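K.L.:
To start, I am sharing the structure in question, which I have written as structure tokens.
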Amino acid sequence: MKMKETKVNLKLRKGDRVRVLSGKDVGKEGEITRVLADSNRVIVDGVNVAKKHQRQTRATMQAGIIDKDMPINAANVAILCNTCGPTRIGYRFDDDGKKIRICKKCEGDL
Ligand SMILES: [Zn+2]
């Protein structure tokens, strides 16, 4: 049996503002700080924060608990449109044939 390979093309980019749709941080909003295209995940500032206990080392100079943003599945976040709030991403092409992301609801540029 052969699985059909679906190469996911992530529409999200670093710097996008998104809202979390499911999981323990549902409803939280934040900025994407990293896109992990291979695993279809994103890291969102202040979302899915894990408390890491850290021992003092010469490298860190600081012991205690540090917050670390963990990746979440890109399917669990929605990009935020300035007009509509959480929305889906569509595309249009400008005069030069360049792909531009738009909001599927109001069709404004994202
Ligand atoms: Zn919109």
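Residue numbers (our numbering): 24 to 133. We put the beta carbon where it would ideally sit given N, CA and C, even for glycine. Note that the coordinates shown come from a computational prediction; the quantities given were computed from them, not determined experimentally.
Ligand 1 and THR80: does the residue's C-beta get closer than 7 Å to at least one heavy atom of that ligand?
P.N.:
Residue numbering aside, residue 80 sits at position 57 when the sequence shown is read from its first letter. Every heavy atom of ligand 1 is 7 Å or more from the Cβ of THR80, so no.
K.L.:
Ordered along the chain, which non-local residues of its own chain (more than five positions away) have a Cβ less than 8 Å from that of GLY69?
P.N.:
Here the question's residue 69 lines up with position 46 in the sequence shown. If we look at GLY69 and ignore the five residues flanking it on each side, its Cβ neighbours are LYS51, GLY53 and ASP92.
K.L.:
So for ASN96, helix, strand or coil by DSSP?
P.N.:
Walking along the sequence shown from the start, residue 96 turns up at place 73. Reduced to three states, the DSSP call for ASN96 is strand.
K.L.:
Report the option in ARG111, ASP132 and LYS127 whose CA atom is closest to the CA atom of LYS121.
P.N.:
The count along the sequence shown starts at 1 and reaches residue 121 at position 98. That would be ASP132, whose Cα lies nearest to the Cα of LYS121.
K.L.:
Would you call ASP39 buried or exposed, if buried means 16 or more other Cβ atoms sit within 10 Å of its Cβ?
P.N.:
Taking the sequence shown and counting its residues from 1, one reaches residue 39 at position 16. So ASP39 counts as buried.
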